[in-house]
Structures are given as C-alpha cells and as structure tokens.
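Notes to accompany the following structure.
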Amino acid sequence: MENVHVLDHPLIQHKLAILRSKDTGVKEFRELIGEIAGLMCYEATRNLPTEEVEVETPIATARCRVLAGKKLAIVPVLRAGLGMVDNMIALIPSAKVGHIGLYRDPVTHLPVEYYCKLPEDIENRQVFVVDPMLATGGSAVAAIDFLKRRGCKNIVMMNIIGCPEGVRAVREAHPDVELYLAAMDERLNEHAYIIPGLGDAGDRIFGTK
Numbered sequence: 001m002e003n004v005h006v007l008d009h010p011l012i013q014h015k016l017a018i019l020r021s022k023d024t025g026v027k028e029f030r031e032l033i034g035e036i037a038g039l040m041c042y043e044a045t046r047n048l049p050t051e052e053v054e055v056e057t058p059i060a061t062a063r064c065r066v067l068a069g070k071k072l073a074i075v076p077v078l079r080a081g082l083g084m085v086d087n088m089i090a091l092i093p094s095a096k097v098g099h100i101g102l103y104r105d106p107v108t109h110l111p112v113e114y115y116c117k118l119p120e121d122i123e124n125r126q127v128f129v130v131d132p133m134l135a136t137g138g139s140a141v142a143a144i145d146f147l148k149r150r151g152c153k154n155i156v157m158m159n160i161i162g163c164p165e166g167v168r169a170v171r172e173a174h175p176d177v178e179l180y181l182a183a184m185d186e187r188l189n190e191h192a193y194i195i196p197g198l199g200d201a202g203d204r205i206f207g208t209k
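Residue numbering for the sequence shown follows my numbering, starting at 1 and increasing by one per position.
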C-alpha cells in the first residue's frame, strides 16, 4: 500500500515479540517501547534531506553530509505516545516536542481532545506523530487534523502496531501522510482492540489499569 511501510528488521521483530507477551512487566515493556521507537525512527528518517559540508579532522579536511532543510518535531499522542519520545530525542536531540491529548470514548470509540500544546513554529517543521497503537485510526486522524489546521504540511505517523481498519482510516483521511509500522495485525475486536495486539499500551507503559 502506498505510503505505508511495515518494518521487518530482525531487531524490531524480536523486541516486538517480547513486547506482546502478557508476562512482560512494566519496566521491560516501557524499555522495549522506547527501543522499538528508536529503531523505527532510524528507518522513518532515512529520506531526510542532507547537504554537504567541510569538516576539519585532526588529519585533513573531510567532505561530510549533515541534515538540511526543515527542522524536526516529535508529537506524541498522550498518553501512550510518551513512551516513544525519549529514544527518538536521543537520535535527533534538536527536535522540538509537542503534545496532543486524546482519549477514546468507551461507548462511541471516537477520539475526544483534552489537550494540545505544540511548538510555535510547528508549521515549519517535519513532524513525527507517535502512538504505539493504530486501532480505529480515529486518534491518528484527529491528531493529524490538528496539525494540518496549524499549517503543518510534512507529517509522518509512527505506530508500533497497526491493523487494516486503522491504516485505511488514515489513508482515506490523509493520503499524503506516510505511515511507519512495526507490525500489521489481523483486525479489531468488538471492543476496538487490535487482535492479537498487546493489550492497552498506556496501561502497560505506566502500570495502570
């Protein structure tokens, strides 16, 4: 599917297998979310533009490549998306971080906004929206809607686990947004949870029920 990338790197898949297990505790789960996000970030930033510069080494002058063009921003969807931020910041420390707070109505399964705080120059940045799960796609579509209303034109969505229903929703609403997934699962169940999935990512990251 155009603009949808399912990453099959062995390290990602190995960590994902441990992440899914019901026996994985909070500490390890939280660490794995970050590690997978870092590996996914490496892939999702592969096409960032670069420019050539000269660098003086202790021996001679080297012609090197550095990032060029637009600055970057990471926008986690609260609260589970927070678990993906630190390892991404470790790779791109100059990126600014915004936050979009959404929760899923337990009856309608539709997203409800409760918080939105973004960098002032967000419209001039390449934005990475991060959330571990892409289930119905409602939260992802809403988050991207907020960003586009703020003038953002370069948006990438990163989810660890997705499903056909969520991917379809994002593709229909925002066909210009690239999606990066570590896994494409089977489907949603009647409670709008991904099957086989890994349960509630937020609860497992923060140790809540």
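Every residue gets a Cβ at the ideal spot worked out from N, C-alpha and C, and that includes glycine.
With 16 other Cβ atoms within 10 Å as the buried cut-off, status of residue i
i, result
"S139", "buried"
"I59", "exposed"
"K22", "exposed"
"G83", "buried"
"A44", "buried"
"I12", "buried"
Expected contact under 8 Å - CB spacing of residue i and residue j to nearest Å
i, j, result
"A95", "A73", "6 Å"
"V167", "L198", "With 8 Å as the limit, V167 and L198 do not qualify as a contact, their Cβ atoms being about 17 Å apart."
"K70", "N154", "6 Å"
For residue i, the first and last residue of its enclosing alpha helix (DSSP H)
i, result
"R65", "First-last for R65: T61 to L67, but that is the beta strand (DSSP E), not the alpha helix (DSSP H)."
"E165", "P164 to A173"
"V141", "G138 to R149"
"Y180", "Counting along the chain, Y180 falls outside any alpha helix (DSSP H), though it belongs to the beta strand (DSSP E) covering E178 to M184."
"V291", "Residue 291 is absent from the model: the chain starts at 1 and stops at 209."
Residue i: first and last residue of the uninterrupted beta strand (DSSP E) it sits in
i, result
"P111", "P111 to K117"
"P76", "K71 to L78"
"L198", "Taken as a continuous stretch (DSSP letters only), L198 belongs to no beta strand (DSSP E), as it is neither H nor E."
"V4", "V4 to V6"
"H99", "H99 to R104"
CA nearest to the CA of residue i, picked from the options
i, options, result
"M158", "A143, R149, R150 and K148", "A143"
"P93", "L19, R63 and L67", "L67"
"R104", "P119, Y193, L82 and L91", "Y193"
"F206", "R30, K148 and D8", "R30"
"V97", "L16, P196, L188 and I122", "I122"
"R65", "V53, R204 and T57", "V53"
Below 8 Å, how does it come out for the region 25–38 and the region 49–65: are there three or more Cβ pairs, yes or no? Too few Cβ pairs lie closer than 8 Å, so no.
Does the region 113–121 come into contact with the region 155–171, if we say contact requires no fewer than three beta-carbon pairs (one atom in each stretch) closer than 8 Å? Output reads no: the region 155–171 does not touch the region 113–121.
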